[in-house]
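Q: Protein chains in written order, with the working numbering: chain R, 802 to 1366; chain A, 4 to 269.
Where a beta carbon is used, it is the ideal one built from N, C-alpha and C, also for glycine.
Shown below is the structure under consideration.
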């Protein structure tokens, strides 16, 4: 009987939790508990008064949210609206990728997170005053993800002027990127759309769509409006085409003017709608125009989604270790198509926060690497995203001092005998020295070989010039090509042999982010290996051995038979 | 040992307390850079009202206006030279773009219903640099450029009224309904062209004026009475701490000049 009760209880609880998952919840009444949890877990960054000025706030960028202003970046609601309770709960639960806000799913119980939601809302009176719940963005009319939709979205990316900040191919390198600030006056880099795993509000297509429609409050990301409002997708493509023509025929001019007028009318109705003074007919045409706008936005969301892999790539360990591929031919040059045949190895980078000056707010996510070798030489292609191309030290009143971009590739001076043997200290060595290739954006065809016994203790090697190098910056991305002989005469250099695992690590500097000296992004040790070629002798020796053993067996049998007779 | 620990603890607590007090004193700082509005305002017919006028001057060494660096869309934006308009001083040290207003007026005339506040974007410059918007009136934003702008009106600590809307070259005109209550001045920015800056103030009554090139301002039809006269200037701050007291007689005219200095750098 008792066990039956327990089963019922579990069933009810289970149903309840499913209910919770399905239906968005509202925060409970404000409680002492919420305050307690907030002060214990949130106040260090967000401050006891919720002003985003906790003791740890100073070093953080993006800065912790100031809850007293009621401005929330990541919402499922329309522009100018407050977030829903569920929005706040989701952010607390999942955190904000690419910022210092962690997810609290494991460290706070769900009811504790709800209590915190209720408490956070007390910092801003607007939550109390608003009588109606915030208007949510409708996800109706979602367009399935397809090649065709992506292609349409790509065209709209230009029409919607996304490139102004996010760059031509979306790496966050638009011409407006360096001067963007949030409303608090802090630098605010546009998202690198090729790194969806760093999107603050998630990188589901729905998430991306919500950011277009609702904007990101307080940041430079505006609420989007259809630049060709009132026109269908086909019409807006046509309008853009005509608009870019240097000369139009009379017929084209007429067509253009018609579209222009249609758009002008639609914009006028848009304003009337906002003011609440549109008549029935205008409301009708507004609804039609909005439908087209939402359609366009879904295509755009699909395109943005297509720019990035679903998840952060797996780091270069285990089977992802950087394996240099053997080739009998000459090694490829920097832009050769041969590189496209290789998968890249992903080396995640983090801010250097051990030695002052530190980098708490890194902007370079990672370095990607590929490599080929032949009988005498090895070539590498290192690729990393950087929103700006900084080739010199510059003083700028608005954006502060910027430095030059750079990268350093690090190996141990002595290759450890086994993978488990002790390596030099990962931060440019210590007691055990490291060997470095340092490249700076100011001299794209020059690379310096260094030996270091500590982050502030590096020396240029006497013999330079063993390396060939070429660096290129395009569309928010650096490509660095390095070629070298497998063996060099310089005793201090790294000597390479197929099959030997060589530790490799990186330092990189984004000059626009104030990176210089120890202020940089770094990786720990990873490995790279010249993937050994299975030797051609495998076709000779094994059959030979088999033949010999067979002969031996035959001989043995003969011998035994003769002795017996 | 124990006493030592106790002392340390007390000290720590004291420090923490000190920090709290310090943090609280910060709170009002933002208000010092904003306008002061009456709690309520009633419109009535004003007959035989008085007039307050004067000239605002700048006191101090006049820095050379900084020429803004045009970093993009040069074909459109680079056509004219642009300068940082935070401090525009004319001949005779007269100061443009100062808001002069009555802080504590509780009743008086209605807004000029014909007035339509307009913010122009031409060659990637906002014009005017400082303007007043009656609460509830839409701001018409013009795009006279073959370029995409985004009109970003900042929010303040009190109201969740940040507006940020893109305005592509296709949209020549757009009306923005901003704050529902009095606030400001708040910054207006085009993030795409980072140098484009302006200010708007959402005002609850018409007794506000912005000084012209000659530094002049006029407030008309002021009901007779005693008032506090305030000012706001982007670079010089406010006189919220010590407003000027004026007495307006029926049909009378009060002359009140101001001399402003640069805000102390924080």
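1. So, under 8 Å CB-CB, residue 1238 (chain R) and residue 1305 (chain R) are touching, yes? Tell me the CB distance rounded to an integer number of Å.
2. Any C-beta of chain R sitting closer than 8 Å to the C-beta of residue 40 (chain A)?
3. Could you name the residues of chain R that residue 194 (chain A) contacts, counting a contact when the two beta carbons are closer than 7 Å?
4. Please report how far the alpha carbon of residue 1146 (chain R) lies from the alpha carbon of residue 1185 (chain R), in whole angstroms.
5. Could you spell out the range, first to last residue, of the alpha helix (DSSP H) harbouring residue 1055 (chain R)?
6. Below 6 Å CB to CB, which residues in the same chain sit around residue 1302 (chain R) once its five sequence neighbours on both sides are set aside?
7. Answer yes or no: do residue 898 (chain R) and residue 990 (chain R) have a C-beta to C-beta separation smaller than 8 Å?
8. Counting only beta-carbon separations shorter than 8 Å, does residue 1075 (chain R) have a partner in chain A?
9. Determine the direct distance from the alpha carbon of residue 1016 (chain R) to that of residue 1097 (chain R), and round the result to whole angstroms.
10. Grab the span of the beta strand (DSSP E) containing residue 1243 (chain R) for me, first residue to last.
11. Going by alpha carbons, who is nearest to residue 1018 (chain R) out of R:1078, R:977 and R:879?
12. State the Cα-Cα distance for the pair residue 116 (chain A) and residue 137 (chain A), rounded to the nearest angstrom.
13. Quick check on residue 86 (chain A) - is its C-beta less than 8 Å from some C-beta in chain R?
14. Whose Cβ in chain R lies nearer than 7 Å to the Cβ of residue 173 (chain A)?
15. Can you have a look at residue 817 (chain R) and say buried or exposed, based on whether 16 or more other CB atoms are within 10 angstroms of its CB?
16. Please report whether the beta-carbon of residue 1094 (chain R) lies at a distance below 8 Å from any beta-carbon of chain A.
17. Sort R:1168, R:849 and R:868 by Cα distance to residue 928 (chain R) and report the nearest one.
18. How about residue 1315 (chain R) and residue 1188 (chain R): do their beta carbons lie closer than 8 Å?
19. State whether the region 950-961 of chain R contacts the region 1085-1102 of chain R, with contact taken as three or more CB pairs (one from each stretch) at a distance under 8 Å.
20. Below 8 Å CB to CB, which residues in the same chain sit around residue 82 (chain A) once its five sequence neighbours on both sides are set aside?
21. If you count every other CB in all the chains shown that lies within 10 Å of the CB of residue 980 (chain R), and 16 or more means buried, which is it?
22. Would you kindly work out how many angstroms separate the C-alpha atoms of residue 42 (chain A) and residue 1162 (chain R), rounded to a whole number?
23. Go ahead and pull the three-state DSSP assignment for residue 1170 (chain R).
24. What residue range is occupied by the uninterrupted alpha helix (DSSP H) comprising residue 260 (chain A)?
25. Using the beta-carbon of each residue, which ones in chain A are nearer than 7 Å to residue 1016 (chain R)?
26. Identify every run of the beta strand (DSSP E) within the region 1281-1351 of chain R, keeping only runs that are complete inside it and at least 3 residues long; order them along the chain.
27. Taking its Cβ as the centre, do 16 or more other Cβ atoms sit within 10 Å of residue 1366 (chain R), making it buried, or is it exposed?
28. Is the Cβ of residue 199 (chain A) closer than 8 Å to any Cβ of chain R?
29. I need the DSSP call for residue 957 (chain R), collapsed to helix, strand or coil.
30. Along chain A, which residues have their Cβ under 7 Å away from the Cβ of residue 1049 (chain R)?
31. Since residue 151 (chain A) meets chain R, which of its residues come closer than 8 Å, beta carbon to beta carbon?
32. Secondary structure at residue 1362 (chain R), three-state DSSP: helix, strand or coil?
33. Taking the CB atoms as reference points, tell me whether residue 889 (chain R) and residue 842 (chain R) lie closer together than 8 Å.
34. My guess is that residue 992 (chain R) and residue 973 (chain R) are in contact by the Cβ rule of under 8 Å, so how many angstroms apart are they, rounded?
35. Go ahead and label residue 28 (chain A) buried or exposed: buried means 16 or more other beta carbons lie within 10 angstroms of its beta carbon, across all protein chains shown.
36. Note down, in chain order, all residues in the region 54-86 of chain A with a beta-carbon under 9 Å from any beta-carbon belonging to chain R.
A: If we stick to the structure as given:
1. Position 437 of the first chain, counting from 1, holds the residue named residue 1238 (chain R). Position 504 of the first chain, counting from 1, holds the residue named residue 1305 (chain R). Not a contact, Cβ separation roughly 10 Å.
2. Walking along the second chain from the start, residue 40 (chain A) turns up at place 37. Not one chain R Cβ lies under 8 Å of residue 40 (chain A).
3. Along the second chain, one-based indexing puts residue 194 (chain A) at 191. By Cβ distance, chain R contributes 977, 981 and 1021.
4. If you number the first chain from 1, residue 1146 (chain R) lands on position 345. If you number the first chain from 1, residue 1185 (chain R) lands on position 384. Distance between the alpha carbons of residue 1146 (chain R) and residue 1185 (chain R) is about 12 Å.
5. Looking up residue 1055 (chain R) in the first chain gives position 254. Residues 1051-1076.
6. For this step, residue 1302 (chain R) is matched to residue 501 along the first chain. Correct list, in chain order: 1220, 1328 and 1330.
7. By 1-based counting over the first chain, the position of residue 898 (chain R) is 97. By 1-based counting over the first chain, the position of residue 990 (chain R) is 189. Not a contact, by the Cβ cut-off of 8 Å.
8. On the first chain, residue 1075 (chain R) is found 274 positions in, with the first residue counted as 1. Chain A, which has a Cβ nearer than 8 Å to the Cβ of residue 1075 (chain R), makes this yes.
9. Within the first chain, numbered from 1, the residue matching residue 1097 (chain R) stands at position 296. Within the first chain, numbered from 1, the residue matching residue 1016 (chain R) stands at position 215. Roughly 16 Å separates the two Cα atoms.
10. The count along the first chain starts at 1 and reaches residue 1243 (chain R) at position 442. Run containing residue 1243 (chain R): none; DSSP gives neither H nor E here.
11. Numbered from its first residue, the first chain carries residue 1018 (chain R) at position 217. Ranking the options by Cα distance to residue 1018 (chain R), first place goes to R:879.
12. Walking along the second chain from the start, residue 116 (chain A) turns up at place 113. Walking along the second chain from the start, residue 137 (chain A) turns up at place 134. Their Cα atoms are separated by approximately 10 Å.
13. In the second chain, counting from the first residue as 1, residue 86 (chain A) sits at position 83. Chain R, which has no Cβ nearer than 8 Å to the Cβ of residue 86 (chain A), makes this no.
14. Within the second chain, residue 173 (chain A) is the residue found at index 170, counting from 1. Chain R residues near residue 173 (chain A): 1028, 1029 and 1064.
15. Taking the first residue of the first chain as 1, we reach residue 817 (chain R) at position 16. Any reading at residue 817 (chain R) is ruled out, since the residue's pLDDT is 48, under 50, leaving its predicted position unreliable.
16. By one-based count along the first chain, residue 1094 (chain R) stands at place 293. It does not; no Cβ of chain A falls within 8 Å.
17. Translated into positions along the first chain, residue 928 (chain R) becomes position 127. The shortest C-alpha separation from residue 928 (chain R) is found at R:868.
18. Start at 1 with the first residue of the first chain, and residue 1315 (chain R) comes out as number 514. Start at 1 with the first residue of the first chain, and residue 1188 (chain R) comes out as number 387. No, these two residues do not count as a Cβ contact at 8 Å.
19. yes
20. As a position in the second chain, residue 82 (chain A) is number 79, starting the count at 1. Excluding sequence neighbours, residue 82 (chain A) sits near 126.
21. One-based indexing of the first chain puts residue 980 (chain R) at position 179. Buried.
22. Along the second chain, read from residue 1 onward, the residue named residue 42 (chain A) stands at position 39. Along the first chain, read from residue 1 onward, the residue named residue 1162 (chain R) stands at position 361. Computed Cα separation, rounded: 44 Å.
23. Here residue 1170 (chain R) refers to the residue found at position 369 of the first chain. Looking at residue 1170 (chain R) - three-state DSSP - the assignment turns out to be strand.
24. Sequence index remark: in the second chain, residue 260 (chain A) carries index 257 (1-based). From DSSP, residue 260 (chain A) is part of no alpha helix (DSSP H); its letter is neither H nor E.
25. As a working mapping, residue 1016 (chain R) is identified with position 215 in the first chain. Correct list: 167.
26. 1302-1310 and 1327-1331
27. Counting from one through the first chain, the residue named residue 1366 (chain R) turns up at place 565. Residue 1366 (chain R) should be labelled exposed.
28. Here residue 199 (chain A) corresponds to residue number 196 of the second chain, with the count starting at 1. No, residue 199 (chain A) does not count as interfacial toward chain R.
29. Taking the first residue of the first chain as 1, we reach residue 957 (chain R) at position 156. In this structure, residue 957 (chain R) counts as helix in the three-state DSSP scheme.
30. Looking up residue 1049 (chain R) in the first chain gives position 248. The contacting residues do not exist; residue 1049 (chain R) stays about 16 Å from chain A at best.
31. As a working mapping, residue 151 (chain A) is identified with position 148 in the second chain. Near residue 151 (chain A) (Cβ distances below 8 Å), the residues of chain R are 962, 965 and 1028.
32. In the first chain, the residue the question calls residue 1362 (chain R) occupies position 561. Note: residue 1362 (chain R) maps to helix in three-state DSSP.
33. Residue mapping note: residue 889 (chain R) aligns to position 88 of the first chain, counting from 1. Residue mapping note: residue 842 (chain R) aligns to position 41 of the first chain, counting from 1. No, they are not a contact pair.
34. Residue numbering aside, residue 992 (chain R) sits at position 191 when the first chain is read from its first letter. Residue numbering aside, residue 973 (chain R) sits at position 172 when the first chain is read from its first letter. Correct: roughly 6 Å between the Cβ atoms.
35. Taking the first residue of the second chain as 1, we reach residue 28 (chain A) at position 25. Low per-residue confidence applies at residue 28 (chain A): pLDDT is 45, beneath 50, and the placement is therefore not dependable, though the value from the model is reported in the following sentence. Label assigned to residue 28 (chain A): exposed.
36. 69, 72, 74, 75 and 76
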